[in-house]
Amino acid sequence: MRSIYILALLATFGLNSCGSIAPEAPDNVVEELPIPEQVESSISIPIKIDLRPYLTMTEKALPKTFKDNFEQCDGVSYSYRFDREPISFKGAGTDLNFEVDGKYLLKINYCPECTSLFNDKGNCIIPRVYASCGVGEPMRKVTVGYTSTFSVTPDFKFKSNTTLKKFETPDACEITVFKYDATSLLRKEVTKVLKDLEDDIDKQIAGIDIRSSIEDAWKSLSDPLSMNGYGYLMLTPTSISLGKVRFDGKEAMVDLHLTAKPKVLSAVPSNTKATALPKLSSHKNSDGFDISLDIISNYDSLSAIFTREIKGQKVMIKNNEVIFDQVKVYGANKNQLNIEVTFSGKKKGVLYLTGTPTFDAEKQVISFPDLQFDLRTKSALLKSAKWLFSDKITEMMRASSTFDLKPQLEEMKKMLEEQLNTSIAEGVKLKASVQSLLLTGIYPARDQLILRVSSKGTLKLFM
């Protein structure tokens, strides 16, 4: 298994050797320097929701014909029928707009004065005047327009507020017999019943379930993601918020914002368990994700990985063949690594070295400018292999410890992107684009090595 930090930190020893010596191991005294606290990462995921299934359901659930009548003795009595066409939905900005074309007929009768002398309900003193629109002729046309504004409730449900915005009657109904504007009557009555339609639409919208999809996304982002040889990515989200709902055609979009302190571990923790979806926090506007990622590996893992890389390599120094066998990395003293290397060849032995890993942030290069033998190893070499202290050997050791991380980081970036492009649940997909992955810090600790990496990119959730 290849690893960016193993190759970078331990490549030093691929070209080095010493004579047959057995120096004492360095004292196991570890003084750790404070590690800067990991910055909380920001992850913004635009959720794109295809509203067509919900809008189709809404359209089918709403009545297509509206009827009513009003009867009185004095004044105007009427009855009407309104038939609507399919609702046309279109979202733009923060509003979901929809229009209903329809047609209507209206029957009206008028009595200027009634008497109740012969009938408790009253009788018109003179014959009633009857009139109509859309009866015995094509029904009159009308166009009704609504606008819905959306929000998300604390329990992750859509809440809409629908209002009537347009009522157009291109062929007005005017009763000239008794100079009555029937269009105003129609507007009043149809608006009244369409107000009920607003409530029906809001109820249908409230039935759109985004909580289960967000729960699936939360769980997926909480689960360990295998990096295929680089360990396991733990995003560990800690809070969640949602931005304003906006529309594009028949798609709704809302920004899901997460805060997290992600890590890459060499093994999955035994107590890994996704936390329950928390309550919504105040929304923070951001674009894409900006992650401060800690890559963590214990020294046993580093030792085993590097041993596989270096075991069996040979080098000739002053006509002495040295074969590297085992490497053990342990402890950290003021940001230095302690390394034990066993070797064979003409003679067998062990070497102890110390060095401080440093990196060039601009070039993304790791090196060990202060790499040197431990004091006790120096003492043993002075007695048995003084030739190892030549400037040439020292320069070779330092040169071999310089490693360009860009190829490995590029490989890891592709791996991260691959793992984040996944299907979370049926009909719910996560799409990712990792734009950058850069090393920002190296922190040797007592039992583990921490490489802090910055990554930027975009995530999108499709529902």
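For the sequence shown, this note's numbering assigns the number -18 to the initial residue and increments by one for each residue that follows.
Glycine is no exception: its CB is placed at the ideal position from the N, C-alpha and C atoms.
- The DSSP assignment places 33 to 42 as complete runs of the alpha helix (DSSP H) inside the segment 30 to 81, in order along the chain (cut-off: 4 residues).
- Counting along the chain, the unbroken alpha helix (DSSP H) around residue 163 starts and ends at 163 to 187.
- Only buried fits residue 143, as 16 or more other CB atoms lie within 10 angstroms of its CB.
- For residue 19, no beta strand (DSSP E) encloses it, and the DSSP letter there is neither H nor E.
- At a Cβ-Cβ threshold of 7 Å, residue 243 and residue 22 count as neighbours.
- Beta-bridge partners assigned by DSSP to residue 413: 440.
- Spatial neighbours of residue 83 in its own chain (CB-CB distance under 7 Å, excluding positions within 5 residues in sequence) are listed in chain order as 63, 64, 65, 66, 123, 125.
- Secondary-structure assignment with DSSP links residue 25 through a beta bridge to 238.
- At least 7 Å separates the beta-carbon of residue 334 from that of residue 347.
- As far as DSSP is concerned, residue 120 takes part in no beta bridge.
- Under the 10 Å beta carbon count, residue 345 is surrounded by 16 or more other beta carbons and is classified as buried.
- The criterion of a C-beta distance shorter than 7 Å is not satisfied by residue 175 and residue 120.
- Setting aside the 5 residues that flank it on each side, residue 306 is surrounded in the same chain by 292, 323, 324, 325, each with a C-beta closer than 7 Å to its C-beta; the list follows chain order.
- Residue 280 sits in a helix when the DSSP states are folded into three classes.
- The continuous stretches of beta strand (DSSP E) do not include residue 388, which lies in the alpha helix (DSSP H) extending over residues 387 to 401.
- Residue range 317 to 326 is occupied by the beta strand (DSSP E) that includes residue 320.
- Taking C-beta atoms as the reference points, residue 272 and residue 436 count as a pair closer than 7 Å.
- Residue 112 is positioned such that its CB atom lies closer than 7 Å to that of residue 158.
- Assigned with DSSP and collapsed to three states, residue 112 falls in strand.
- For residue 193, the enclosing alpha helix (DSSP H) has its first and last residue at 192 to 203.
- Rounded to whole angstroms, the gap between the alpha carbons of residue 44 and residue 185 is 13 Å.
- Taking a cut-off of 8 Å for Cβ pairs, the segment 101 to 110 and the segment 190 to 203 do not touch, as fewer than three such pairs fall below it.
- Within 10 angstroms of the beta-carbon of residue 39 lie 16 or more other beta-carbons, which makes it buried.
- Short of 6 Å from the beta carbon of residue 26, and not among the five residues preceding or following it, lie these beta carbons of its own chain, in chain order: 237, 440, 442.
- In this structure, residue 423 lies away from residue 275, with their beta-carbon atoms at least 7 Å apart.
- Between the alpha carbons of residue 429 and residue 278 lies a gap of roughly 5 Å.
- Residue 136 places its beta carbon 7 Å or farther from that of residue 95.
- The segment 202 to 227 contains, as complete beta strand (DSSP E) runs of 3+ residues, the segments 213 to 215, 218 to 223 (chain order).
- For residue 295, the enclosing beta strand (DSSP E) starts and ends at 295 to 298.
- Nearest to residue 250 by C-alpha distance, out of 207, 228, 262, 190, is 207.
- Non-local C-beta neighbours of residue 103 in its own chain, meaning closer than 7 Å and more than five positions away in sequence, comprise 54, 95, 96, 97, ordered along the chain.
- One thing to note: residue 131 has its Cβ within 7 Å of the Cβ of residue 226.
- Shown here for residue 46: same chain residues with a beta carbon closer than 6 Å to its own, the five before and five after excluded, namely 64 in chain order.
- Check the Cα spacing between residue 269 and each of 239, 296, 295, 151: the tightest is with 239.
- Under a 10 Å Cβ-count criterion, residue 190 is classified as exposed, with fewer than 16 other Cβ atoms of the shown protein chains found around its own Cβ.
- The beta-carbon separation of residue 212 and residue 178, rounded to 56 Å, does not stay under the 8 Å limit for a contact.
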